[in-house]
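Quick note on my numbering: the sequence shown kicks off at 875 and runs consecutively. Take a look at the structure below.
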Amino acid sequence: MRIGVVFPQTELGGDPGAVRAFATAASELGYAHIAVFDHVVGADPAVHQGWSGPYDVHTTFHEPFVLFGYLAALTSLELVTSILILPQRQTVLVAKQAAEIDLLTQGKLRLGVGLGWNEVEYEALGQNFSDRGARLAEQVALLRRLWTETSVTVAGEHEHVTGAGIAPLPVQRPIPVWIGARADVALRRAGRIADGWFPMDQPGPALARSTAIVHSAAVEAGRDPSTLGMEGRINLGSESSSSIDQQIAAWREAGATHLSINTMRAGFSTVDQHIAALDSASQAALG
């Protein structure tokens, strides 16, 4: 099981020094990857009365592809979007940006995608919120063609490309596409088309049920479920080293191929505190 970290961008503000320090430390500590959340804009609670989302206009988010271009020059970590909100973006542009990152990292990009939940963000980006699920599968298919073919022609329900392609192509052909999923329809979509998936549950009955749905959909699509990756997450706080050991063991038993250590919402206020927590966790996570 490969163990990485979640980039705590909501708690590091806009300090580029903190970005560099955190990523460099994660690499030096021996973690395998760095996972980055995605939001382009936040909603203003003063305008959207009754706003209950976990993030708002004051929450800091770095743009994933630009951030990855910077990190590619700093570390050899695998770079992971967990997840990129794909239906609010132009598919061909995402294909181009992802291919560039894959080249810069020499094949160390894993593109996690999902639907998102923030209708305010979709509106701001000029995309339809209501049909985002229907569009995602078509987007993934187009991404894979653009990453493996010189010239692509597609006349789909939502995607239209006529004799066009990106150059240079990425190192990975195609780049792995993972899906973040909670609802049953999303879990089935992950089983049908994804290279791996990000569950929203912790090990236990709920995760076992979600895994069964993913695997069943994979079999129905003629795929081998054992080839699908799964990335869990451990949220640090006051857990002892032995508790982290237990959580890692539970994820391994649940079939996780990857795991991320998350230091956000653990009460840290500086990048040094986040790094210290990763250092402490590495004793259990990485031996």
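We put the beta carbon where it would ideally sit given N, CA and C, even for glycine.
Q. Would DSSP call Phe935 helix, strand or coil?
A. When DSSP states are grouped into helix, strand and coil, Phe935 belongs to the coil group.
Q. By a C-beta neighbour count over all protein chains shown, 10 Å radius and 16 as the cutoff for buried, is Glu952 buried or exposed?
A. That one is buried.
Q) If you draw a straight line from the C-alpha of Gln980 to the C-alpha of Gly1106, how long is it? A) Between Gln980 and Gly1106, the C-alpha separation is close to 25 Å.
Q) Under a three-way DSSP split, which group does Ser956 fall into? A) It is a strand residue.
Q. How long is the line joining the alpha carbons of Val1045 and Ala920, rounded to whole angstroms?
A. Going by the C-alpha atoms only, they are around 45 Å apart.
Q: Compute the Euclidean distance between the alpha carbons of Val1014 and Ala1041, then round it to the nearest angstrom.
A: So the alpha carbons of these two residues sit roughly 18 Å apart.
Q | Helix, strand or coil at Gly891 according to DSSP, with G and I counted as helix | A | Gly891: helix per DSSP, three-state reduction.
(Q) How far does the beta strand (DSSP E) with Ala1055 in it extend, from its first residue to its last? (A) Judged by DSSP secondary structure, Ala1055 falls within the beta strand (DSSP E) whose first and last residues are Val1051 to Ala1055.
Q. Apart from the five residues just before and just after Ala1151, which ones in its own chain have a Cβ nearer than 7 Å to its Cβ?
A. Around Ala1151: Leu1110, Thr1137, Ala1140 and Phe1142.
Q | Nearest-angstrom beta carbon gap, Pro961 and Gln1001 [assumed within contact, 8 Å] | A | Under the criterion of beta carbons closer than 8 Å, Gln1001 and Pro961 qualify as touching, at roughly 6 Å.
Q | Bounding residues of the beta strand (DSSP E) (the contiguous stretch that carries Gly1106) | A | If you look at Gly1106, you'll find it in the beta strand (DSSP E) that goes Gly1103 to Asn1109.
Q: Mind checking which residues open and close the beta strand (DSSP E) that includes His907?
A: It spans His907 to Val910 - the beta strand (DSSP E) in which His907 sits, taken as one unbroken run.
Q. Straight-line CA distance for Ala917 to Phe939?
A. When rounded, the separation of the alpha-carbon atoms in Ala917 and Phe939 is 22 Å.
Q) If you pair each beta-carbon of the segment 926-935 with each one of the segment 876-888, do three or more pairs fall below 8 Å? A) Output reads yes: the segment 876-888 touches the segment 926-935.
Q.
Once DSSP output is grouped into helix, strand and coil, what is the label at Ser1117?
A. Three-state DSSP puts Ser1117 in a helix.
**Q.** Member of Glu1012, Asp1005, Leu1043 and Thr949 whose CA lies at the smallest distance from the CA of Ala1029
**A.** Comparing alpha-carbon positions, the option among Glu1012, Asp1005, Leu1043 and Thr949 lying closest to Ala1029 turns out to be Glu1012.
Q. Measuring CA to CA, which of Trp1071, Asp1075, Ala906 and Gly990 is closest to Val914?
A. Selected option, being the one with the closest Cα: Gly990.
Q.
With a threshold of 7 Å on Cβ separation, who are the neighbours of Ala1159 within its own chain once the five nearest residues in sequence on each side are excluded?
A. Cβ within range, chain order: Ile877, Ile1118, Ile1122 and Ile1135.
Q) Is the CB-CB distance between Glu1033 and Leu1016 below 8 Å? A) In contact: Glu1033 and Leu1016 (Cβ atoms closer than 8 Å).
(Q) So, for Ala947: in the same chain, excluding its five sequence neighbours on each side, which residues have a beta-carbon less than 8 Å away from its beta-carbon? (A) Only residues of its own chain outside the window of five on either side were considered, and among them Leu978 have a CB closer than 8 Å to the CB of Ala947, listed in chain order.
Q: Locate the alpha helix (DSSP H) running through Pro1079, then write down its first and last residues.
A: Where Pro1079 is concerned, the enclosing alpha helix (DSSP H) stretches over Pro1079 to Glu1094.
Q | DSSP three-state assignment for Pro1099, whether helix, strand or coil | A | Judged by DSSP in its simplified three-state form, Pro1099 adopts helix.
Q. Could you check where the beta strand (DSSP E) with Ile1040 kicks off and where it finishes?
A. Ile1040 -> no beta strand (DSSP E), and no H or E assigned at all.
(Q) So, with DSSP's three-state summary, where would you put Gly1070? (A) Here Gly1070 sits in strand by DSSP.
(Q) For Trp1092 and Ala1064, what's the separation of their Cα atoms in angstroms? (A) Per the sequence presented here, residue 1092 reads as Ala, with Trp not at that position. Going by the C-alpha atoms only, they are around 8 Å apart.
Q. Are the CB atoms of Ser1154 and Gly904 nearer to each other than 8 Å?
A. Result no, Cβ atoms of Ser1154 and Gly904 do not sit closer than 8 Å.
Q: Might you give, ordered along the chain, the residues of its own chain that have their beta carbon closer than 7 Å to the beta carbon of Gly1039, omitting 5 neighbours on each side?
A: Hits under 7 Å: Leu1020, Glu1023, Thr1024, Ser1025 and Val1026.
Q) Which residue from Ser950, Asn992, Thr965 and Ser1084 puts its Cα closest to that of Ser926? A) Checking every option, the nearest Cα to that of Ser926 belongs to Asn992.
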